[in-house]
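These notes are about the structure you will find just below.
Have a look at this one:
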């Protein structure tokens with residue numbers, strides 16, 4: 001049954017397509033026999049995710065909200081209904097809010113992410129899906145290119161065009177033990193590669209293996225010991241990935257619907273793992289136990305009164321005066 005232009009329900013056993021003008025379109029297919037004539041389950045057998053943005057008028061959005069009420073009933077309960085979890089000292093970092101095919105750099109405290117602060121929007125509709133700190137610089141990778149970002153203004157400095165040829169870019173991270181930038185790409189986030197921070201040249205490592213198909217990896221992060229982790233959103237699992245072979249193993253279930261997972265980052269000081277989820281699947285920032293996969297809801301981020309969908313999480317290494325540290329690749333005592 002067609003509800004509105006650009007928004008169709010799955011009651012005919014075909015697809016659910018959400019196309020607001022400020023976020024990626026997500027299309028999930030499922031046969032009528034599998035869905036029972038209702039909205040598709042969070043784990044369809046043959047998913048397709050597309051970032052192409054559509055447009056909805058305010059009236060159309062109102063109808064979309066009605067339709068989404070049915071979707072919410074078919075999905076697991078959103079963890080964002082839980083009260084924010086109390087945490088310790090501030091963990092200051094950055095993320096990208098993407099709306100209307102443009103990206104805005106924001107700052108936030110990951111332990112109190114209810115309010116995020118806009119810094120600056122990227123020019124010319126540049127969209128960013130992954131970022132990471134290396135050598136004191138914030139690197140960013142998106143559909144339009146590979147950049148550094150000025151964390152005081154949000155301005156982008158182009159290093160190269162986007163890596164060719166991949167269907168989509170899902171995330172980027174840095175290995176603090178080797179100072180290597182890794183990124184995940186492909187139609188479903190199934191291709192692991194590295195990227196040269198100086199030139200933007202990429203090196204394809206391998207396709208992700210070892211997991212039940214289809215594989216949808218939407219975010220990656222490396223811990224202080226050099227272990228690469230990812231979110232596998234088909235089965236809502238935290239996974240480990242071998243950086244040399246791209247072979248993956250399941251750590252454990254997140255316990256929340258990771259249907260639209262969009263960001264993953266370690267705090268280099270505490271070792272805490274954070275991830276962000278998009279609005280239609282329990283929007284919020286979570287901390288994740290890297291040993292079990294269990295996710296704990298912290299809070300829903302907002303820009304002003306509006307909920308914010310965060311992608312490209314990045315937390316810098318903070319060097320304190322008097323500490324003997326290994327900072328940005330060099331032993332030092334500031």
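Residue numbers (the numbering used here): 1 to 334. For every residue, glycine included, the Cβ atom is placed at its ideal position computed from N, Cα and C.
To the nearest angstrom, report how far apart residue 317 and residue 174 are at their CA atoms.
-> 12 Å
In its own chain, which residues sit with a C-beta less than 7 Å from the C-beta of residue 197, not counting the 5 before and 5 after it?
-> 134, 139 and 181
Can you tell me the Cα-Cα spacing of residue 46 and residue 291, whole angstroms?
-> Confidence is the limiting factor: at residue 46 the pLDDT is only 34, short of 50, which leaves the residue's position unreliable, though a coordinate-based value still follows. About 29 Å.
Using the Cα positions of residue 305 and residue 210, report the straight-line distance between them to the nearest angstrom.
-> 43 Å
Under the rule that 16 or more other beta-carbon atoms within 10 Å means buried, what is residue 342, buried or exposed?
-> The chain is shown only over 1 to 334; residue 342 falls outside these bounds and no answer can be derived.
DSSP three-state call for residue 185: helix, strand or coil?
-> strand
Taking the C-alpha atoms as reference points, what is the distance between residue 294 and residue 137?
-> In this structure, the alpha-carbon of residue 294 lies about 31 Å from that of residue 137.
Bounding residues of the beta strand (DSSP E) (the contiguous stretch that carries residue 137) = 137-142
In the DSSP assignment, what residue or residues form a beta bridge with residue 97?
-> Per DSSP, 104 and 310.
Taking the DSSP output, what are the residues bridged to residue 291?
-> Answer by DSSP bridge pairing: none, since residue 291 is not bridged.
From residue 215 to residue 300, what does the alpha carbon distance come to, in whole angstroms?
-> 27 Å
Residue 174 - containing beta strand (DSSP E), residue span | Residues 169-175.
Below 8 Å between beta carbons: does that hold for residue 236 and residue 258?
-> yes
Residues near residue 141 in its chain [Cβ-Cβ closer than 6 Å; skip 5 each side] | Same-chain partners within the cutoff: 130, 169, 172 and 183.
Alpha carbon to alpha carbon, how far is residue 96 from residue 221? Give it in angstroms, no decimals.
-> The alpha-carbon separation between residue 221 and residue 96 amounts to approximately 16 Å.
As assigned by DSSP and simplified to three states, the class of residue 125 = Residue state, collapsed to three classes: helix.
Where does residue 214 sit, in a helix, a strand or coil, going by DSSP?
-> For residue 214, the three-state secondary structure derived from DSSP is coil.
Are the Cβ atoms of residue 104 and residue 121 separated by less than 8 Å?
-> Residue 104 places its beta carbon less than 8 Å from that of residue 121.
Beta carbon of residue 126 nearer than 8 Å to that of residue 144 = Contact flag set, yes.
Bridge partners of residue 109, per DSSP?
-> 92
Near residue 233, what residues of its chain come up, given a Cβ to Cβ distance below 8 Å and the 5 sequence neighbours on each side ignored?
-> 216, 217, 218, 258, 259, 260 and 261
From residue 102 to residue 123, what does the alpha carbon distance come to, in whole angstroms?
-> 8 Å
Using only alpha-carbon positions, find the residue among 289, 208, 195 and 270 that is nearest to residue 92.
-> 270
Excluding the five sequence neighbours on either side, which residues of its own chain have a C-beta within less than 6 Å of the C-beta of residue 273, listed in chain order?
-> 266, 288 and 290
For residue 161, count neighbouring C-beta atoms within 10 Å of its own C-beta (all shown protein chains included) and say buried if the count is 16 or more, exposed if not.
-> exposed
Segment limits, beta strand (DSSP E) that includes residue 208 = Premise fails: residue 208 is in no beta strand (DSSP E) and is neither H nor E.
Kindly identify the DSSP beta-bridge partner or partners of residue 240.
-> 229 and 249
Three-state secondary structure (DSSP) at residue 38?
-> Low local confidence applies: a pLDDT of 22 at residue 38 is under 50, so the model's placement there is unreliable, with the coordinate-based value given in what follows. Note: residue 38 maps to coil in three-state DSSP.
Within 10 angstroms of its Cβ, does residue 203 collect 16 or more other Cβ (buried), or is it exposed?
-> exposed
Determine the closest residue to residue 178 out of 286, 201, 223 and 205, with distance taken between C-alpha atoms.
-> 223
Terminal residues of the continuous beta strand (DSSP E) containing residue 160?
-> In the DSSP assignment, residue 160 falls within the unbroken beta strand (DSSP E) covering 156-160.
Tell me which same chain residues have a C-beta within less than 6 Å of the C-beta of residue 241, skipping the five on either side of it?
-> 228, 230 and 248
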